[in-house]
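Step one of this worksheet: look at the structure below.
Residue numbers (the working numbering): 62 to 164.
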């Protein structure tokens, strides 16, 4: 019976010594994971913020630049001074042509 108590005490002391090291390594691992996650989140958040702010800026610029005679429907018409408003489809087609020429 005495032998079992001694071996249990020795086992407990070994476990106590290892437990501190294991806890320290777990905390270091968790800290590294949180730092990496925080850096990735900050980078993505900054890029997303720049994108959203630029989109709002473009929308405001387009709103201020929009001519009062711009047609509200999707049909093209010619004004008195010869200007013709282009539809989105026409602009996309022109952009595709430019990409093909520059490629």
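We treat Cβ as the ideally placed atom computed from N, Cα and C, and that holds for glycine.
Euclidean distance between Cα positions of residue i and residue j
i, j, result
"residue 76", "residue 106", "44 Å"
"residue 62", "residue 71", "Note that residue 62 has pLDDT 49, beneath the 50 cutoff, so the model's placement of it is unreliable and no number is given."
"residue 156", "residue 117", "22 Å"
"residue 110", "residue 100", "15 Å"
"residue 121", "residue 147", "20 Å"
"residue 151", "residue 124", "20 Å"
"residue 87", "residue 159", "56 Å"
"residue 161", "residue 94", "45 Å"
"residue 68", "residue 96", "42 Å"
heavy atom of the ligand NAP below 6 Å from residue i C-beta
i, result
"residue 80", "Among the components of this structure there are no ligands whatsoever, and the ligand NAP is therefore not found."
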